[in-house]
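Asker: Sharing a structure here in structure tokens format.
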Amino acid sequence: MKEQLLMILEKNARLSVEQLASLLNANPQQVAAEIEKLEKEGTILGYRSIIDWDKTDRDVCHARIEVQVTPQGGVGFEDIAARICQFEEVETVYLMSGGYDIAVTITGKTFKDVALFVAHRLSTLEGVRSTATSFVLRKYKERGCNLLDLDGDGREVTCL
-7 MKEQLLMILE
3 KNARLSVEQL
13 ASLLNANPQQ
23 VAAEIEKLEK
33 EGTILGYRSI
43 IDWDKTDRDV
53 CHARIEVQVT
63 PQGGVGFEDI
73 AARICQFEEV
83 ETVYLMSGGY
93 DIAVTITGKT
103 FKDVALFVAH
113 RLSTLEGVRS
123 TATSFVLRKY
133 KERGCNLLDL
143 DGDGREVTCL
């Protein structure tokens, strides 16, 4: 039940305990207890909405930053990743294989905000060797939700 419950919640966290129980062929008390357990153990970290900010008046600039680092002795990449996680602008931090070490996704108000963050805050961290920033120009799909403008008159949002 645990894996199925998590997969359902990942796609739609707004379902009631009764709806979840029905989908899982379980009783609601059992499902509620499992959710509580998963929250306490840190498997479920939170519940978030997926927002299409292009449909609002809010100015938002998203960027993906590739970071090459020199790992610190004894702590590897963990110390620098922890320091990057402390910045409010940072949405995600991933240890990567390939041409760079850490992938960082951030949100700023403008391109300039993102550039200043990289220049003055991220690239100056001890252990950061280099950064390469790519700006998100348009989102087509976000966490399973299709954001494509299919007919030109407005966006049709479809979540799987």
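If you're matching positions, the sequence shown starts at -7 in the working numbering and goes up one per residue.
Beta carbons are placed, not taken as given, at the ideal position from N, Cα and C, and that holds for glycine.
Values in this document were obtained by computation on a predicted structure and should not be read as measured data.
Would you give the residue range spanned by the alpha helix (DSSP H) that Q60 belongs to?
Answerer: Here residue 60 is taken as the residue at index 68 of the sequence shown, counted from 1. No alpha helix (DSSP H) contains Q60, which is instead part of the beta strand (DSSP E) from 53 to 61.
Asker: Since I98 sits in a beta bridge, which residues does DSSP pair it with?
Answerer: Taking the first residue of the sequence shown as 1, we reach residue 98 at position 106. I98 is bridged to A55, V82.
Asker: So, at 6 Å on beta carbons, what are the nonlocal neighbours of Y86 in its own chain, with the 5 sequence-adjacent residues on each side left out?
Answerer: Here residue 86 refers to the residue found at position 94 when the sequence shown is read from its first residue. Around Y86: A95.
Asker: Return the bridge partner residues of G68 from the DSSP annotation.
Answerer: In the sequence shown, counting from the first residue as 1, residue 68 sits at position 76. Answer is Q64.
Asker: Out of C53, L117, S41, G136, state which residue places its alpha-carbon closest to the alpha-carbon of S126.
Answerer: Sequence index remark: in the sequence shown, residue 126 carries index 134 (1-based). Cα-wise, what sits closest to S126 is C53.
Asker: Look at L117 and I72 and say whether their C-beta atoms are less than 8 Å apart.
Answerer: Mapped onto the sequence shown, residue 117 falls at position 125. Mapped onto the sequence shown, residue 72 falls at position 80. It is a contact, given that the beta carbons lie within the stated cut-off.
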